[in-house]
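Written out below as structure tokens is the structure these notes cover.
Number of protein chains: 2
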Amino acid sequence: MKVTYKDVKADILSKITNGQWPPGSLVANEVDLAMTYGCARATVNRAMRELAEEGIIERRRKAGTRVRMTPIRQARFDIPVVRDEIIQKGAAYRYTLLSCISQPAPDWLRARLDLPAEAKALHLICMHYADGVPYEHEDRWINLTALPKAASASFEEIAPTEWLLSAIPFSEVEISLFARSAEKSLADYLDCTVGDPVFTVERSTWWRENAVTYVRLTYRPGHRLTTRY
Amino acid sequence: MKVTYKDVKADILSKITNGQWPPGSLVANEVDLAMTYGCARATVNRAMRELAEEGIIERRRKAGTRVRMTPIRQARFDIPVVRDEIIQKGAAYRYTLLSCISQPAPDWLRARLDLPAEAKALHLICMHYADGVPYEHEDRWINLTALPKAASASFEEIAPTEWLLSAIPFSEVEISLFARSAEKSLADYLDCTVGDPVFTVERSTWWRENAVTYVRLTYRPGHRLTTRY
DNA sequence: TAGTGGTCTAGACCACAGG
DNA sequence: CTGTGGTCTAGACCACTAT
Numbered sequence: 024m025k026v027t028y029k030d031v032k033a034d035i036l037s038k039i040t041n042g043q044w045p046p047g048s049l050v051a052n053e054v055d056l057a058m059t060y061g062c063a064r065a066t067v068n069r070a071m072r073e074l075a076e077e078g079i080i081e082r083r084r085k086a087g088t089r090v091r092m093t094p095i096r097q098a099r100f101d102i103p104v105v106r107d108e109i110i111q112k113g114a115a116y117r118y119t120l121l122s123c124i125s126q127p128a129p130d131w132l133r134a135r136l137d138l139p140a141e142a143k144a145l146h147l148i149c150m151h152y153a154d155g156v157p158y159e160h161e162d163r164w165i166n167l168t169a170l171p172k173a174a175s176a177s178f179e180e181i182a183p184t185e186w187l188l189s190a191i192p193f194s195e196v197e198i199s200l201f202a203r204s205a206e207k208s209l210a211d212y213l214d215c216t217v218g219d220p221v222f223t224v225e226r227s228t229w230w231r232e233n234a235v236t237y238v239r240l241t242y243r244p245g246h247r248l249t250t251r252y
Numbered sequence: 024m025k026v027t028y029k030d031v032k033a034d035i036l037s038k039i040t041n042g043q044w045p046p047g048s049l050v051a052n053e054v055d056l057a058m059t060y061g062c063a064r065a066t067v068n069r070a071m072r073e074l075a076e077e078g079i080i081e082r083r084r085k086a087g088t089r090v091r092m093t094p095i096r097q098a099r100f101d102i103p104v105v106r107d108e109i110i111q112k113g114a115a116y117r118y119t120l121l122s123c124i125s126q127p128a129p130d131w132l133r134a135r136l137d138l139p140a141e142a143k144a145l146h147l148i149c150m151h152y153a154d155g156v157p158y159e160h161e162d163r164w165i166n167l168t169a170l171p172k173a174a175s176a177s178f179e180e181i182a183p184t185e186w187l188l189s190a191i192p193f194s195e196v197e198i199s200l201f202a203r204s205a206e207k208s209l210a211d212y213l214d215c216t217v218g219d220p221v222f223t224v225e226r227s228t229w230w231r232e233n234a235v236t237y238v239r240l241t242y243r244p245g246h247r248l249t250t251r252y
């Protein structure tokens, strides 16, 4: 059986985790490793490249490869579309548009998205329900200057997230997670008590250097974002 | 100049983002693409593999490659060591051990980490300060059965995170983010008001199938976890 | 069963950065 | 200047799976 890059990767990783190759130590170069594993250099290269991407080792031309002193830990969270998230839990999905107002972009929004003074915006408030229970509150602003056709979309029927996904499928995003307390209207919508701690995801989206949308997604109390790594 | 995998990747991505290859559409196979780009198949393969990893396209043997209907967006957050995080902000770091008790693992912990009935645990409570201001509250349990030498570590001087990092540099982690409200003691330590919404990171760590530690890191009100993708 | 992606190889050239 | 990683190539075989 041939030696695969996965074999090499697993073996190197085990040598690191069991202490044979301690943090900071120099790892043999690709040519030597290829010899010892009896495989091509490309195979070793792929194994090492992936370990480097995962923050386990650090590679530099000429300097060689070292085991990271403090491994860089990264958590990856999937950011699903709410509807998919709810359906995947086996619950029934329902969406409601609460408010939809076209207006000049307020100062704080212009500041945040770096919009010109005359920018127009569409302000949407929506709710997403799972089996009839409030799941997520969506407070969204869409930059009508960058995306004028949003003005004529019927957000009664299609959730803004999904409309935007079809309008601009790929974009640059800044995402921010934090805790805040539910004020009156939020508490009403989420069916919780005023002052309850809620988990909020704030997202700003750009498409080709143009700010497109800013959204605050707030979840019912108790919501968790979970992952493994 | 030779065609690089980055060229190919960028070109494919642009064809997707500008709508030439809409969501759901079938992408030409690797051999054909290699011909049109005038490069080796391996080059196309690497470009496509990365796009697939990034959730832009979906690949299946025989079925071919498709542009994802709803691109899987993944946010990656760096999980830094608190001390590094604070120092990088240009603030002075200070650490305090508030409590350190060795005791039988409570039921909820045994349930969570799947520990045997007789498991012993070390319960630590610590604070991390930035420029003297409360930054993070740490409530940690270490499984002494899996990691007996933790009993003799001097957590007065070294923070558990850092001690653990040297004891078990690489591990399997489950992480969970949520909002909760500060109860009395937490509010005291974080210098905030009881009931304030606080952001909490909960982490369970395994090393070679053995649960090692469970920790709740709670940040002062207003803390945000931010990233771009 | 046949088409597609997944991977390995052996060799080559190059870019970068340490000494 | 030279060692190391980064990448490309052309060809090959294999694994999966849609049809």
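First to last, the sequence lines map onto chains A and B.
Numbering follows our numbering, with no gaps: position 228 of the first sequence is 251.
Numbering follows our numbering, with no gaps: position 2 of the second sequence is 25.
Note that the Cβ used here is the ideal one computed from N, Cα and C, for glycine as well.
Here the structure is a predicted model, which is why all the values come from computation and not from measurement.
The beta-carbon of residue 110 of chain B is placed no less than 8 Å from the nearest beta-carbon of chain A. Between residue 234 of chain B and residue 130 of chain B, the C-beta gap is not smaller than 8 Å, which leaves the two residues out of contact. Contact between residue 237 of chain A and residue 132 of chain A holds: their C-beta atoms lie close to 6 Å from each other, under 8 Å. Per the DSSP secondary-structure output, residue 240 of chain B pairs in a beta bridge with B/161, B/224. Residue 24 of chain A and residue 31 of chain A have their C-alpha atoms roughly 13 Å apart.
When the five nearest sequence neighbours on each side are left out, the beta carbons in the same chain lying within less than 7 Å of the beta carbon of residue 89 of chain A are those of 47, 48, 49, 50, 80, 81, in order along the chain. Relative to residue 162 of chain B, the option among B/240, B/210, B/176 whose CA is nearest is B/240.
Scanning B/159, B/122, B/148 for the CA closest to the CA of residue 109 of chain B turns up B/159. In the three-state reduction of the DSSP assignment, residue 81 of chain A falls in the strand class. Residue 248 of chain B reaches chain A at 199, 200, 201, counting residues in chain order whose Cβ is nearer than 8 Å.
Those residues of the segment 100 to 125 of chain A placed with their C-beta closer than 9 Å to a C-beta in chain B are 100, 101, 102, 103, 104, 107, ordered along the chain.
Taking a Cβ-Cβ threshold of 9 Å, the residues of chain B close to residue 252 of chain A are 102, 195, 196, 197, 198, in chain order.
Scanning the segment 41 to 104 of chain B for uninterrupted beta strand (DSSP E) segments of 3 residues or longer gives 80 to 83, 87 to 90, 96 to 102, listed from N- to C-terminal end. DSSP places residue 152 of chain B outside any alpha helix (DSSP H); the residue lies instead in the beta strand (DSSP E), whose first and last residues are 143 to 153.
In its chain, beyond the 5 residues on either side, 98, 100 have a beta carbon closer than 6 Å to the beta carbon of residue 250 of chain B. Scanning chain B for C-beta atoms nearer than 7 Å to the C-beta of residue 97 of chain A yields 99, 100, 101, 102, reported in chain order.
Following the DSSP letters along the chain, one finds residue 183 of chain A in no beta strand (DSSP E) but inside the alpha helix (DSSP H) bounded by residues 183 to 190.
Secondary structure at residue 232 of chain A: coil, using DSSP grouped into helix, strand and coil. Per DSSP, the beta-bridge partners of residue 126 of chain A are A/144. Between residue 94 of chain A and residue 87 of chain A, the alpha-carbon positions lie close to 17 Å from each other. Scanning chain A for C-beta atoms nearer than 8 Å to the C-beta of residue 208 of chain B yields nothing, as the closest lies near 17 Å away. Residue contact check for residue 132 of chain A against chain B: no CB pair falls below 8 Å.
When Cβ-Cβ separations below 8 Å define contact, residue 94 of chain A makes contact with chain B. Around residue 70 of chain B, the same chain offers 28, 31, 32, 35 as residues with beta carbons nearer than 7 Å, after the five sequence neighbours per side are excluded. In terms of Cβ geometry, residue 45 of chain A and residue 220 of chain B do not form a close pair [threshold 8 Å]. Following the DSSP letters along the chain, one finds residue 208 of chain B inside the alpha helix (DSSP H) bounded by residues 207 to 213. Per the Cβ contact rule, the segment 171 to 178 of chain B is not in contact with the segment 193 to 205 of chain A (fewer than 3 Cβ pairs under 8 Å). Residue contact check for residue 171 of chain A against chain B: no CB pair falls below 8 Å. In this chain, residue 176 of chain A is not harboured by any beta strand (DSSP E), its DSSP state being neither H nor E.
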